[in-house]
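This report refers to the structure that appears directly beneath it.
Residue numbers (this note's numbering): 1 to 854.
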């Protein structure tokens, strides 16, 4: 055309440009386009689109943008396809602002963006953590009736996870399901992570199982994510099981997987497997700082100091890149062992490292090692605020000074540190910490040093010192600490509480009470915690009068008591049998606007139940139920027990059923109590059914279970079943005690089968007084006088002043050939012991044994 002098028109040029584009000859296409421009020919929008599409397919996004600009300069109107291509290239070139401008132009011109366009921009916003823009695009897309794709949803979920907006992520996932978007393994993996962060453990597990059932489980990241969720809930066994499933499915382990395996073994405390896994991790590349820190902590947790020392040496030789936490852990280890030289070398090495020396902990620790610098910059009366890592650095430096105090200059350095405001505060915390750990030597040393330097011991430190002495049963030095500060007007209640604790730990409840009385006379008021501890301790050792005195004194002093204190008071008076006082305490609690807890109502059920005021006990139960809090098995069982004692079987059974309807599974205690209620009525069939239900729900019968079932058989005169139950107990490794055998004795004695009763009696290793009473009652009721007297002479002479046994003996001696002399001797003995005689007992009141073997 050109050789013949015919100039190509727009159609010819467009055809050539499209051909170059189709062939993928982008350089030739752009060169020809330049020639077209020189001739003043403007291609159509379709040709420009063809050119840009060709460039985009080869990822020449800068070329796309240049062609786009030339198209605009030429005044060619872009269409929907143009904007779709251009926005994509702008995003991929990181030109977000220009991409959003193009999107707005596109919408202003009436073009509706495709899902892929929205998806790209949402992904771009998500990667830049721009939640607002990402969700504005998402809402705009939905408003136009565009269904989000799998990729769009994944971008939004990843954004929500990254910024910690887990509830929003759940909302997106719910919408995704509603739109019918099919989730892939990536999305499920994200949801497992999100459920884990929200504490929705069961949802995370269900999601993992769904992926497995759908056959979508193939990525090691999904396995590792589920394992991490298990670990976050402390379930290392399930975490290991998931990781083993991954290995069994021939999915190769990445570095991330090895780290998860290591975390599992560390939580399990399996040092051998952890060491192997750490070695595997080392073969892939240098282990990360966190894995090294966790390994070191495992060695320390297991008390393997030498192994820990060797491990630290190895990671230092391997030039592992330390972070702040690993550095802190290593320094803590060195300081706690007094390894001064190692600490100095480590700090010197790290302060020379430009990337590490500015870490707050490293900087503060280096400063703490140079105590004169602190004093020069701070003075003794000032205190530069420190972050948490800085405070830990000072604490570790002081710990090193304590553990290595025999080294040159260390004691002087410790004293200089203590004299700074930071050091003074830290030293008080160290006293509390060492006291809690039971380190008497270091705690005492630091305490006396601070006293000597007059550095202002805090209440918490003094209280910790007293508590430590109490735990070591050293009351004298505890009192000396107390006396140093007792006269101070600033001494806090925690110090008085610690003295109460010390007395109680040393089993000196009486002295604790006297100390309380002495201090209250001096005008010192104790806090509710101290009062609760004292009252509870006095109650446990049977000093009910003293406990009541403390309670009354607390009321008289109008102390501000909390729910725990009131609960302790009510329980104490319940134990003391002061039921009216217990009720008045509860009424005072309510009138003082102190909110009762489930424990309060539970104790009040016992108070009213023991007082046989079942109506009030039921009121307490209903009040507890109306609180809106979850009722526990204990509260239900308590009322069931009192229904049983009142003989109200139907009410007890109804409440037992209601408990299960409320989703509370009966425990062994509930089953045993319900079985006892059946037993008291002789309903052995019902008791047997309940025993089967108990076993089906995974509970093995214990001694109390068998006692209830034996009682049920006894009440129904099922003697053979009683003996079989005792045999079953023994087969299961449960040793019957007197209570079990006595019921069998009672069954035989009531029926008059004294030979069988005698056989069972001699199987009891240590018969109690009730065993002897049952035997004598059987002999007396059925007129076996000679056998009864023989039994009395052999088994009952040393039992002490038991009214029934001695009275029964007198009656049988009188009936045995009128042996009045021996009867008179026993009567005189009873008179001297002031034991009254039971005249209405009758020998031979029963004549015919009951046939119990039918």
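Just so you know, even glycine gets a beta-carbon here, dropped at the ideal spot from N, CA and C.
Status (buried if at least 16 other CB within 10 Å, exposed otherwise) for residue i
i	result
residue 335	buried
residue 792	buried
residue 855	Because residue 855 is not part of the residues shown, which for the chain are 1 to 854, the question remains open.
residue 845	exposed
residue 403	buried
residue 16	buried
residue 730	exposed
residue 284	exposed
residue 20	buried
residue 78	buried
residue 374	Note that residue 374 scores a pLDDT of 46, beneath 50, so its modelled location is shaky; the value from the coordinates is reported in the next line. Counting Cβ neighbours within 10 Å, residue 374 comes out buried, since at least 16 surround it.
residue 401	buried
residue 801	exposed
residue 376	Per-residue confidence for residue 376 stands at a pLDDT of 40, beneath the threshold of 50, marking its modelled position as unreliable; the derived number appears in the next sentence. Residue 376 comes out exposed.
residue 640	buried
residue 448	exposed
residue 395	buried
residue 473	exposed
residue 839	exposed
residue 689	exposed
residue 577	exposed
residue 685	exposed
residue 380	Its pLDDT being 47, under 50, residue 380 is placed unreliably by the model, and nothing is read from it.
residue 662	exposed
residue 68	buried
Beta carbon of residue i nearer than 7 Å to that of residue j
i	j	result
residue 10	residue 60	no
residue 291	residue 262	yes
residue 624	residue 598	yes
residue 501	residue 456	no
residue 294	residue 266	yes
residue 114	residue 84	yes
residue 652	residue 677	yes
residue 482	residue 465	no
residue 557	residue 537	no
residue 87	residue 117	yes
residue 770	residue 742	yes
residue 506	residue 479	no
residue 723	residue 744	yes
residue 659	residue 643	no
residue 251	residue 225	no
residue 687	residue 710	no
Nearest residue (CA-CA) to residue i, options the options
i	options	result
residue 797	820, 621, 830 and 778	830
residue 160	536, 123, 293 and 181	123
residue 433	467, 416, 415 and 451	467
residue 496	459, 472 and 783	459
residue 841	529, 815 and 557	815
residue 174	148, 164 and 839	148
residue 171	163, 157 and 180	157
residue 232	602, 821 and 199	199
residue 181	688, 166, 406 and 153	153
residue 783	761, 803, 812 and 804	812
residue 65	90, 81 and 746	90
residue 611	600, 544 and 575	575
residue 76	100, 102 and 49	49
residue 553	567, 564, 539 and 535	535
residue 257	836, 268, 221 and 824	221
Terminal residues of the alpha helix (DSSP H) in which residue i lies
i	result
residue 189	185-198
residue 460	459-471
residue 568	563-576
residue 784	No alpha helix (DSSP H) holds residue 784; DSSP gives it neither H nor E.
residue 118	115-127
residue 617	614-626
residue 652	649-661
residue 532	528-540
residue 331	324-336
Legend entry - Touching by the beta-carbon criterion (3+ pairs, under 8 Å), the segment 241-254 and the segment 270-279: Too few Cβ pairs lie closer than 8 Å, so no.
Inset, instruction - Could you tell me whether the segment 173-188 touches the segment 209-218, using the rule of 3 or more Cβ pairs below 8 Å? - result: yes
Inset, instruction - Kindly confirm or deny that the segment 751-763 and the segment 779-786 touch, where touching means at least three C-beta pairs closer than 8 Å. - result: yes
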